[in-house]
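Novice: When you line the sequence shown up against mature numbering (1 follows the signal peptide of the UniProt record, and there is no 0), it's residues -22 to -1, 1 to 401, in that order. Beta carbons are placed, not taken as given, at the ideal position from N, Cα and C, and that holds for glycine. After the structure tokens below, expect a handful of questions from me.
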Amino acid sequence: MKKKKTILTIALSFCALGFSQAQDVEKTFIRENMEFAARQYELMLKTPAQGKEGKGVMPHSLRKDGTVSKGSIYLWTAGFFPGSLWYISEYLDNKPLQDSALVYTKKMEPMKTFTDNHDIGFMMYCSYGNANRFEPKPEYKDILVESARSLCTRFRPKAGVIQSWNGFRSWHGDKVYDFPVIIDNMMNLELLFYASKVTGDDSFRKVAISHAENTMKNQVRDDYSCFHIVYYDKETGKPIKGETSQGYSDNSAWSRGQAWGIYGFTMCYRETKDPRFLKTAEKMADFYLDHPNLPSDKVAWWDFNAHQPGYTPGVRSNANNVVTNYRDASAAACTASALLELSTYVKGSQSAKYLEGAKTILHSLGSKKYRAELGKNGNFILMHSTGAIPQNSEIDVPLTYADYYFLEALYRYDLLLNGQSLF
Ligand code: GLY
């Protein structure tokens, strides 16, 4: 197991709360959740793919008819299940679950040459990245570096960004844009920073920094919410405009997009120490935590602006047909994980704010309101995530990435309570 660095931040902030008592309560909470996760995922490992499209291998979500959907290794979510198994098995020192983590990680190897969209960062860093974090092996490094090379094939030097998708048809009509970049892409950059560190080749890192700088400039708005998509012009490299695919409207704040931004810019600050990235991460986190529409349990609605005056979905968007508002546990889980890291880069009340925010989210997600009962919920851990309302897909369901970021956040929280950090 990789040695962990010791840090003092958490010890200092917990001193004020009565350190050892508060710490014991939190550590018990984390352990109970990890033990539950192990039992639930042991059942998940025995759950076959169900339904007529049941050919996938990676647990993804639940269908409307209650059957478990599994995705192929080509789906953007394919790395999360092995990643979750790594976090649980590492925390509990559970060898059978670690063996399963390895089996599922190895299924991802063919994806190292995938270049058809930007998602290879999610797919490979959550699977092989965690394998390498917890049980480093030279072949994992090689697979990750090759994956980083594949991602870099999508870098467009004129615009200075990695192209996310090959095209997107706007919700406003028939126009198809051929150079869309989505905020989610910030999450893929961690793979590139890693590749530069292990190869000594700066080019990966330069791509990551360029992408983050241009995202900060073109995608993050003045109030530190963000556009889900920015379309660029292939010829000139200039941004054309911002729209949405998964948010309520072009000008709204899609909560998972906000989470990707908080997490992505926090990670970019970790890797560069560039204060502009820290400021962006802080302000995006403040947008989430201080938003008047954030419920008191801090699990965001799927979009901060859904159904509000001044926000109108495109004509083709299914968001026009949905009157109920839904939460997104996946956005909250990813935000919690990011806030824990961010709390270690700032001081005083700002640090305490991020730590408290993460803690509230984790306790909400670990409560009966969001955490499933053993053997229920298709054996996923969390309920109440929202995949894509505009596409009429995955509404109020479990999602594998909600579980992944919940487990990652619990794991990070435990390290912080021990005065340690992974980074
Ligand atoms: N990366 C796709 C999503 O957040 O739904």
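Just confirm the distance between the C-beta atoms of L267 and G335, as a whole number of angstroms; I'd bet it's less than 8 Å.
Specialist: At roughly 5 Å, the Cβ-Cβ gap stays under 8 Å, so L267 and G335 are in contact.
Novice: From K115, V35, M165, pick the residue whose C-alpha is nearest to that of L23; which is it?
Specialist: The candidate whose alpha carbon is nearest that of L23 is V35.
Novice: By the 10 Å Cβ neighbour count, where 16 or more other Cβ atoms means buried, how is F401 classified, buried or exposed?
Specialist: The residue in question, F401, is exposed, as its Cβ has fewer than 16 Cβ neighbours within 10 Å.
Novice: Which of the three DSSP states is assigned to T364 in this structure?
Specialist: Here T364 sits in strand by DSSP.
Novice: Would you report the Cα separation of A259 and A387, rounded to the nearest angstrom?
Specialist: Cα to Cα, A259 sits roughly 17 Å from A387.
Novice: Cα separation between A27 and F58?
Specialist: When rounded, the distance between both Cα atoms is 16 Å.
Novice: Could you check which residue in K216, S62, M89 has the C-alpha nearest to that of P37?
Specialist: Ranking the options by Cα distance to P37, first place goes to S62.
Novice: Once you ignore the five residues that flank W143 on each side, which residues in its own chain have a CB closer than 6 Å to its CB?
Specialist: For W143, where only same-chain residues beyond five positions count, the Cβ hits under 6 Å are N95, P158.
Novice: Return the CA-CA distance between S345 and E4, expressed in angstroms with no decimal places.
Specialist: Distance between the alpha carbons of S345 and E4 is about 14 Å.
Novice: Is R234 close to the ligand GLY? I mean its beta-carbon at under 6 Å from any heavy atom of the ligand.
Specialist: Result yes, Cβ under 6 Å from the ligand GLY.
Novice: When the Cα atoms are used, what is the spatial distance from V375 to L21?
Specialist: Rounded to the nearest angstrom, the two C-alpha atoms are 18 Å apart.
Novice: Report the CB separation of L385 from I66 in whole angstroms; it is logged as a contact under 8 Å.
Specialist: About 6 Å separates the two Cβ atoms, so the contact holds.
Novice: Which of the three DSSP states, helix, strand or coil, is assigned to Y332?
Specialist: DSSP places Y332 in helix when its eight states are reduced to three.
Novice: Buried or exposed: which applies to L352, given that a residue is buried once 16 or more other Cβ atoms fall within 10 Å of its Cβ?
Specialist: Classification of L352: exposed, given that the 10 Å Cβ count is below 16.
Novice: So, is L340 buried or exposed, given that buried needs 16 or more other C-beta atoms within 10 angstroms?
Specialist: It is buried - the Cβ of L340 has at least 16 other Cβ atoms within 10 Å.
Novice: Cβ of A380 within 7 Å of Cβ of L395?
Specialist: Not closer than 7 Å, so no.
Novice: By DSSP, does Q18 sit in helix, in strand, or in coil?
Specialist: Of the three classes helix, strand and coil, the one that applies to Q18 here is helix, per DSSP.
Novice: Between S233 and F282, which are expected to be in contact by the criterion C-beta below 8 Å, what is the C-beta distance as a whole number of angstroms?
Specialist: Contact flag correct, Cβ pair sits at about 6 Å.
Novice: Where does F157 fall in DSSP's three states?
Specialist: In this structure, F157 counts as coil in the three-state DSSP scheme.
Novice: Within 6 Å: the Cβ of D162 and any heavy atom of the ligand GLY?
Specialist: Result yes, Cβ under 6 Å from the ligand GLY.
Novice: Taking 6 Å as the limit between beta carbons, can you name the residues of its chain near V139, skipping five residues before and five after?
Specialist: V159, H189, N192.
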